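In the working numbering, the protein residues as written are 4 to 88.
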């Protein structure tokens, strides 16, 4: 039984050992990994604000029936419009 488990364990160790080689010059279709991270850092504040506005709309536009009607959505977005500009 030990021999049966030895080969799969050995293969698993080899596969785990063949991971990332630490090459920091990795490329993506959008540029280097560092360029992508720089872009992400630049837009993080915008993404956070959009998420906050959406959360606020979802919290306030739902009426007593548990539905977000057009009227409720219009009121919520009118109130939040300055944050979106």
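We put the beta carbon where it would ideally sit given N, CA and C, even for glycine. Because the structure is a prediction, the values reported are computed rather than measured.
Check: Counted within 10 angstroms of its Cβ, other Cβ atoms place residue 79 as buried (16 or more) or exposed; Outcome: buried
Check: The region 29-49 / the region 67-74 touching (three or more Cβ pairs under 8 Å); Outcome: no
Check: Helix, strand or coil at residue 86 [DSSP, three-state]; Outcome: helix
Check: N- and C-terminal bounds of the alpha helix (DSSP H) containing residue 42; Outcome: 36-63
Check: Backbone secondary structure at residue 68 - three-state DSSP; Outcome: coil
Check: Nearest-angstrom Cα separation, counted from residue 76 out to residue 61; Outcome: 9 Å
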